[in-house]
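Engineer:
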Amino acid sequence: MNFIENETPTKLRGGYYTDLDIACFLTRWVLETSPKRILEPSCGDGAFVEALTRVGPRRVESFTGFEIERAEAAKAQARARNLSGVVTEIHTRDFLAWSLSKSWETERFDGCLGNPPFIRYQYLDKTQQVLAAKIFGKFGLKFTKHTNAWVPFIIAALDHLNPGGRLAMVVPAEILHVLHAQSLRQFLLAQCSKVVILDPEELWFDKVLQGVVLLFAEKKLATDQKSSGVAVVNAQGRGFLTDDPAAYVDGATFTDAAVLTGKWTYALLTVGERALLAEAAAHRSVFQFSDVADVDVGVVTGANEFFLVADDVVERYKLQRWAFPAFGRSEHVPGIIYDRRTHEANRRRGLPTNLIWFGDEHGAKLSNSAREYISLGEDQKLHHRYKCRVRSPWYTVPSVYSTNVGMLKRCHDLPRLVLNSIGAFTTDTAYRIRPKRVAERHLVFSFVNPLTALTAELEGRHYGGGVLELVPSEIERLLVPLAEPRSALVKDLDRAFRESRGPQAILAMQTRLVLAPIGISAVAGEAFGAAWLRLRSRRQRNGVEGNI
Numbered sequence: 006m007n008f009i010e011n012e013t014p015t016k017l018r019g020g021y022y023t024d025l026d027i028a029c030f031l032t033r034w035v036l037e038t039s040p041k042r043i044l045e046p047s048c049g050d051g052a053f054v055e056a057l058t059r060v061g062p063r064r065v066e067s068f069t070g071f072e073i074e075r076a077e078a079a080k081a082q083a084r085a086r087n088l089s090g091v092v093t094e095i096h097t098r099d100f101l102a103w104s105l106s107k108s109w110e111t112e113r114f115d116g117c118l119g120n121p122p123f124i125r126y127q128y129l130d131k132t133q134q135v136l137a138a139k140i141f142g143k144f145g146l147k148f149t150k151h152t153n154a155w156v157p158f159i160i161a162a163l164d165h166l167n168p169g170g171r172l173a174m175v176v177p178a179e180i181l182h183v184l185h186a187q188s189l190r191q192f193l194l195a196q197c198s199k200v201v202i203l204d205p206e207e208l209w210f211d212k213v214l215q216g217v218v219l220l221f222a223e224k225k226l227a228t229d230q231k232s233s234g235v236a237v238v239n240a241q242g243r244g245f246l247t248d249d250p251a252a253y254v255d256g257a258t259f260t261d262a263a264v265l266t267g268k269w270t271y272a273l274l275t276v277g278e279r280a281l282l283a284e285a286a287a288h289r290s291v292f293q294f295s296d297v298a299d300v301d302v303g304v305v306t307g308a309n310e311f312f313l314v315a316d317d318v319v320e321r322y323k324l325q326r327w328a329f330p331a332f333g334r335s336e337h338v339p340g341i342i343y344d345r346r347t348h349e350a351n352r353r354r355g356l357p358t359n360l361i362w363f364g365d366e367h368g369a370k371l372s373n374s375a376r377e378y379i380s381l382g383e384d385q386k387l388h389h390r391y392k393c394r395v396r397s398p399w400y401t402v403p404s405v406y407s408t409n410v411g412m413l414k415r416c417h418d419l420p421r422l423v424l425n426s427i428g429a430f431t432t433d434t435a436y437r438i439r440p441k442r443v444a445e446r447h448l449v450f451s452f453v454n455p456l457t458a459l460t461a462e463l464e465g466r467h468y469g470g471g472v473l474e475l476v477p478s479e480i481e482r483l484l485v486p487l488a489e490p491r492s493a494l495v496k497d498l499d500r501a502f503r504e505s506r507g508p509q510a511i512l513a514m515q516t517r518l519v520l521a522p523i524g525i526s527a528v529a530g531e532a533f534g535a536a537w538l539r540l541r542s543r544r545q546r547n548g549v550e551g552n553i
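Everything in the sequence shown is counted per this note's numbering, starting at 6 for the first residue and increasing by one.
Okay, structure coming up:
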């Protein structure tokens, strides 16, 4: 977990500025309709003011920008002096506060440009948090405290656009998939006649490993106008930035809004791939994960580095009585079976394989060495952490139980279930899985296949570094074809992972062993595998096969 005191000033204010060639590219598209009034809700040092100067303001009469940092606002104002013939206002105040104090009738714009701040909700001050919530409330949108500042900024900016107005912005690539942007996605579809996401391969904000996309949105001329939907257009390198942006927007292939009720990752598929996916979902031997298993988070300790430890810590503080086998990282589980052999190998490597669980013992019931270990945690202020301080005493961990099947929360290439044959505990870096009406080995084996891998890419989320993460609600929506393997095949699959045969080779094998036996064609299996590879490579921003 990241804490505010560990973050840089740049990250806390979301100040990742736009390169001039990107700003000019976006500006050219907005200016195509000859707007008179331009809005920029977070103008930073004035990159888009400079772009407007370079491209030529044409019929633009006024430019209104907002920047909360005075020093940066002064830079933007200095650049604005070169914008001849345009009335320029740079307000040193919060755009959201201004937006809430105005109405569309009094403050209307024909175009909006910008790069809204990337700031996590918990890093906003209390006033900013309230403003963000009010923006959602103003439009009856579902609000979550997991949101990021760029989301309410886009919502508010779009509200101030005239019918037919254009918005072009640099936004995080996660707009396609994160749950906290669902309200924004719905709002864009409701308000806009078309939405185009230009999806470059490069990571332009590589200091924070933040993938970005270019958002082009055109507001409806009338509320009853039908939306064309969403299009995602791929772009390689930076050469496209010298092209006409209209060529990408006008030539895009749109996915109907009816298909995009949740995440927009489905717009990354071709029409043919979506048809095959719908056909597979209706197959009698393909189930949603929620139909065949329950998902629960692992043991929530609040301080995994204290409660999940290696043998040397157990020995030093004589914690054997309270130490239980555990795993919680991908390096703990090289295959799909976590057995005694794997556990002992992890112990020899010095990995943290022990969950320290004091149960209901505390105070005088504990040994002197155990109390010494607890004092060590208190010296590190662990008892002040939220999930620890709500417990009494703080080191008593609740809901400690194991299941025979687990699943790591994150993966590099493929999500996989783990057959937990020794009943090891898992922390909240993994999930506890309880199969329903299906054998444990059966589910673990069948889970590895190109159809499930593809739906994991569509339903999951990814952040810096390209690691795929799935939360329980997303896991529940995964499609799982159920085949009945022989015991030897489960061991063969485990061996394939341990030998690092590579995800493509493993998925090809499972196409034959899982999809073919239930009647899904080789053509469909290959299509699912190809779509998975494309989405996985996009997530990792490369075409290189990595470790699972």
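Even glycine gets a Cβ: it sits at the ideal position worked out from N, Cα and C.
So, residue 238 versus residue 201, is the Cβ gap smaller than 8 Å?
Structural biologist: In the sequence shown, the residue the question calls residue 238 occupies position 233. In the sequence shown, the residue the question calls residue 201 occupies position 196. Result yes, Cβ atoms of residue 238 and residue 201 sit closer than 8 Å.
Engineer: Expressed to the nearest angstrom, what Euclidean distance is found between the alpha-carbon atoms of residue 525 and residue 453?
Structural biologist: Within the sequence shown, numbered from 1, the residue matching residue 525 stands at position 520. Within the sequence shown, numbered from 1, the residue matching residue 453 stands at position 448. Rounded to the nearest angstrom, the two C-alpha atoms are 15 Å apart.
Engineer: In whole angstroms, give me the CA-to-CA distance for residue 406 and residue 437.
Structural biologist: Residue mapping note: residue 406 aligns to position 401 of the sequence shown, counting from 1. Residue mapping note: residue 437 aligns to position 432 of the sequence shown, counting from 1. So the alpha carbons of these two residues sit roughly 9 Å apart.
Engineer: Can the beta-carbon of residue 324 be found closer than 8 Å to that of residue 361?
Structural biologist: Here residue 324 refers to the residue found at position 319 of the sequence shown. Here residue 361 refers to the residue found at position 356 of the sequence shown. Their beta carbons are under 8 Å apart, which means residue 324 touches residue 361 by this criterion.
Engineer: Counting along the chain, where does the alpha helix (DSSP H) carrying residue 350 start and finish?
Structural biologist: Mapped onto the sequence shown, residue 350 falls at position 345. That run of the alpha helix (DSSP H) goes 345–353.
Engineer: For residue 97 and residue 193, what's the separation of their Cα atoms in angstroms?
Structural biologist: Within the sequence shown, residue 97 is the residue found at index 92, counting from 1. Within the sequence shown, residue 193 is the residue found at index 188, counting from 1. If you take the alpha carbons of residue 97 and residue 193, they lie about 27 Å apart.
Engineer: Opposite residue 466 in the DSSP bridges: which residues?
Structural biologist: Reading the sequence shown from its first residue, position 461 is the one you call residue 466. The partner list for residue 466 (beta bridge, DSSP) reads 474.
Engineer: Taking the runs of the alpha helix (DSSP H) that are 4 residues or longer, which of them lie wholly in the segment 469–523?
Structural biologist: Qualifying alpha helix (DSSP H) stretches, in chain order: 477–480, 492–503 and 508–515.
Engineer: Where does residue 406 fall in DSSP's three states?
Structural biologist: The sequence position of residue 406 within the sequence shown is 401, counting from 1. Note: residue 406 maps to coil in three-state DSSP.
Engineer: With a floor of 3 residues, list each beta strand (DSSP E) that falls wholly inside the segment 266–342, ordered by position along the chain.
Structural biologist: DSSP runs (the beta strand (DSSP E)) wholly in the segment 266–342: 291–293, 298–302 and 328–332.
Engineer: Here's the rule I'm using: 16 or more other beta-carbon atoms within 10 Å means buried, otherwise exposed. How should residue 467 be labelled?
Structural biologist: What you label residue 467 is simply residue 462 of the sequence shown in a count that begins at 1. It is buried - the Cβ of residue 467 has at least 16 other Cβ atoms within 10 Å.
Engineer: Let me know the beta strand (DSSP E) ranges lying completely inside the segment 384–445, each 3 residues or longer, listed in chain order.
Structural biologist: List check, beta strand (DSSP E) in window: 410–413, 422–425 and 435–440.
Engineer: Buried or exposed for residue 110, going by 16 or more other Cβ atoms inside 10 Å?
Structural biologist: If you number the sequence shown from 1, residue 110 lands on position 105. Classification of residue 110: exposed, given that the 10 Å Cβ count is below 16.
Engineer: Which of the three DSSP states, helix, strand or coil, is assigned to residue 96?
Structural biologist: The count along the sequence shown starts at 1 and reaches residue 96 at position 91. Strand, per DSSP.
Engineer: So, does the CB of residue 207 fall closer than 8 Å to a CB anywhere in chain B?
Structural biologist: Within the model displayed, chain B is absent; a lone protein chain is all it includes.
Engineer: For the structure I just gave you, are there three or more beta carbon pairs, one from the segment 340–355 and one from the segment 365–376, closer than 8 Å?
Structural biologist: Because the criterion of three Cβ pairs below 8 Å is not met, the segment 340–355 and the segment 365–376 do not touch.
Engineer: When DSSP labels each residue in this structure, what does residue 69 get in the three-state scheme?
Structural biologist: Here the question's residue 69 lines up with position 64 in the sequence shown. Note: residue 69 maps to strand in three-state DSSP.
Engineer: Whose CA, out of 235, 133 and 171, lies closest to the CA of residue 181?
Structural biologist: If you number the sequence shown from 1, residue 181 lands on position 176. Closest option to residue 181, Cα to Cα, is 235.
Engineer: Could you check if residue 351 is buried or exposed, using at least 16 other CB atoms within 10 Å of its CB as the buried criterion?
Structural biologist: Sequence index remark: in the sequence shown, residue 351 carries index 346 (1-based). Buried, because 16 or more other Cβ atoms sit within 10 Å of the Cβ of residue 351.
Engineer: Do residue 46 and residue 119 have their C-beta atoms closer together than 8 Å?
Structural biologist: Reading the sequence shown from its first residue, position 41 is the one you call residue 46. Reading the sequence shown from its first residue, position 114 is the one you call residue 119. Cβ distance < 8 Å, so residue 46 and residue 119 count as in contact.
Engineer: Roughly how many angstroms separate the alpha carbons of residue 50 and residue 77, rounded to a whole number?
Structural biologist: Locating residue 50 in the sequence shown gives position 45, where the first residue counts as 1. Locating residue 77 in the sequence shown gives position 72, where the first residue counts as 1. Taking the straight line joining both Cα atoms gives about 5 Å.
Engineer: Buried or exposed, going by whether 16 or more other CB atoms sit within 10 Å of the CB of residue 597?
Structural biologist: This structure does not reach residue 597, given that the chain is present from 6 up to 553, and the question cannot be answered.
Engineer: Residue 463 to residue 121, Cα distance in whole Å?
Structural biologist: Indexing the sequence shown from 1 puts residue 463 at position 458. Indexing the sequence shown from 1 puts residue 121 at position 116. Cα-Cα distance, rounded: 25 Å.
Engineer: Give me the Cβ distance between residue 382 and residue 455, rounded to the nearest whole Å; I'm assuming they're in contact under 8 Å.
Structural biologist: For the purposes of this step, residue 382 is taken as residue 377 along the sequence shown, with counting starting at 1. For the purposes of this step, residue 455 is taken as residue 450 along the sequence shown, with counting starting at 1. Not confirmed; about 45 Å, so no contact.
Engineer: In this structure, how does DSSP classify residue 373 when only helix, strand and coil are distinguished?
Structural biologist: By 1-based counting over the sequence shown, the position of residue 373 is 368. Residue 373: helix per DSSP, three-state reduction.
Engineer: Enumerated in chain order, which unbroken segments of the beta strand (DSSP E) with a length of 3 residues or greater are wholly contained in the segment 143–197?
Structural biologist: Counting only runs of 3 or more, we get 166–177.
Engineer: Beta strand (DSSP E) containing residue 224: first to last residue?
Structural biologist: Stepping through the sequence shown from its first residue, residue 224 is reached at position 219. Where residue 224 is concerned, the enclosing beta strand (DSSP E) stretches over 217–224.
Engineer: Which residues bound the beta strand (DSSP E) around residue 3?
Structural biologist: One cannot answer for residue 3 here, as it falls past the ends of the chain, which runs 6 to 553.
Engineer: State the start and end residues of the unbroken beta strand (DSSP E) segment that holds residue 45.
Structural biologist: The residue you call residue 45 lines up with position 40 of the sequence shown. Note, residue 45: beta strand (DSSP E), 42–45.
Engineer: Three Cβ pairs or more, each shorter than 8 Å: is that satisfied between the segment 333–346 and the segment 428–445?
Structural biologist: Verdict: yes, contact present.
Engineer: With H, G and I counted as helix, E and B as strand and the rest as coil, what does DSSP make of residue 360?
Structural biologist: Taking the sequence shown and counting its residues from 1, the one referred to as residue 360 is at position 355. In the structure shown, residue 360 sits in a strand (DSSP, three-state: E or B).
Engineer: Within the continuous alpha helix (DSSP H) that includes residue 60, where are the two ends?
Structural biologist: Numbered from its first residue, the sequence shown carries residue 60 at position 55. Residues 52–60.
Engineer: Taking only three categories from DSSP, how would you classify residue 539?
Structural biologist: The residue given as residue 539 occupies position 534 in the sequence shown. Three-state result, residue 539: helix.
Engineer: Measure the alpha-carbon distance for residue 224 versus residue 265 and round it to whole angstroms.
Structural biologist: Mapped onto the sequence shown, residue 224 falls at position 219. Mapped onto the sequence shown, residue 265 falls at position 260. So the two alpha carbons sit approximately 18 Å from each other.
Engineer: Using DSSP's beta-bridge definition, name the partner residues of residue 238.
Structural biologist: In the sequence shown, residue 238 corresponds to position 233, counting from 1. According to DSSP, which records beta bridges pairwise, residue 238 is partnered with 203.
Engineer: What is the DSSP secondary structure of residue 111, counted as helix, strand or coil?
Structural biologist: Here residue 111 refers to the residue found at position 106 when the sequence shown is read from its first residue. Coil at residue 111, not helix or strand.
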